[in-house]
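Residue numbers (our numbering): 2 to 250. Ideal Cβ placement from N, Cα and C applies to all residues, glycine included.
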């Protein structure tokens, strides 16, 4: 069974190019059962209401439902834009959901998966914000807002976040951050560490250990395939054939 990994689509509208490409990719997985790992920020905003789904996400959710009905297993790791996935993911779709990270065994590999927003252990302001947004009192207060209001608030916050992210990226050294993160996970027994978050497709392998950053589904359309223990980083063919991605991103 092949296993597919992707992250950071930040879906907003089914008419958007990246949304349509992701649906096309997921339809291509209908040919045979597989395992699909979604490593966070697939949605621009998701905080799982018990009885409400945002209409813009119905096409994606329907495609995920079809994959589940055909035998595909889905694993979701929550990101910084999509968390508290709620009963639709855990009960209706029957997905395995990790709020923070997971350590799994597949194809003879011990795989550590996370979104990647906690890779930088020295980013204390973000860690405090993350904990606040996930605490029960905040969720209870936010749930009082009508979903339309919540959507607009989240879109506004997302625009502010992207502006701040552009400034942070100038200071980021993602390769070193990822190497430090991976060393901690290797010490815990993993031999393959996979993250998203950085919008930076990157693969570094040694004889016994592998670090993989997934890139995004905004402009790169990158994803990874684990097949018989071998991990490959590639991209969805939007204009040209599938091609391995270099480490020069």
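The alpha-carbon separation between residue 195 and residue 112 amounts to approximately 7 Å. Separation of residue 72 and residue 37 (C-alpha to C-alpha, rounded to the nearest whole angstrom) is 11 Å. DSSP lists 99 as the bridge partner or partners of residue 78. Across the structure, residue 116 and residue 80 are spaced so that their CA atoms are roughly 5 Å apart. The alpha-carbon of residue 226 is positioned some 8 Å away from that of residue 235. For the pair of segments examined, the segment 199-214 was found not to touch the segment 135-143: the number of CB pairs separated by less than 8 Å stays below three.
Nearest in C-alpha terms to residue 33, of all of 68, 158, 61, 16, is 68.
Excluding five sequence positions before and after residue 198, the CB atoms of its chain that fall closer than 6 Å to its own CB belong to 116, 117, 118, given in chain order.
Spatial neighbours of residue 109 in its own chain (CB-CB distance under 7 Å, excluding positions within 5 residues in sequence) are listed in chain order as 230. Between the alpha carbons of residue 66 and residue 124 lies a gap of roughly 37 Å. Between residue 8 and residue 54 a beta carbon distance of about 21 Å is seen, past the 8 Å cut, so the two are scored as non-contacting. Of the other Cβ atoms in all chains shown, fewer than 16 fall within 10 Å of the Cβ of residue 101; this residue is therefore exposed. Less than 7 Å divides the Cβ of residue 82 from the Cβ of residue 46. In the three-state reduction of the DSSP assignment, residue 29 falls in the helix class.
For residue 224, the beta-bridge partners assigned by DSSP are 235. The beta strand (DSSP E) runs lying completely inside the segment 46-90 and spanning 3 residues or more are 74-78, given in chain order.
In the DSSP assignment, residue 180 falls within the unbroken alpha helix (DSSP H) covering 175-188. For residue 94, the three-state secondary structure derived from DSSP is coil. Contact between residue 12 and residue 20 holds, since their C-beta atoms are separated by about 5 Å, short of 8 Å.
Counting of Cβ neighbours within 10 angstroms places residue 191 among the buried residues, the total reaching 16 or more. Annotation: the continuous alpha helix (DSSP H) that includes residue 135 extends over 125-135. Within the same chain, Cβ atoms closer than 6 Å to the Cβ of residue 217 are found at 9, 200, the five residues on either side in sequence being excluded. Here residue 138 carries a helix assignment [DSSP, helix/strand/coil]. Beyond the five residues adjoining it in sequence on each side, residue 180 comes within less than 8 Å, by CB distance, of 205, 212 in the same chain, given in chain order. Residues 203 of the same chain have their beta carbon placed closer than 7 Å to that of residue 176, with the five preceding and five following residues left out of the count.
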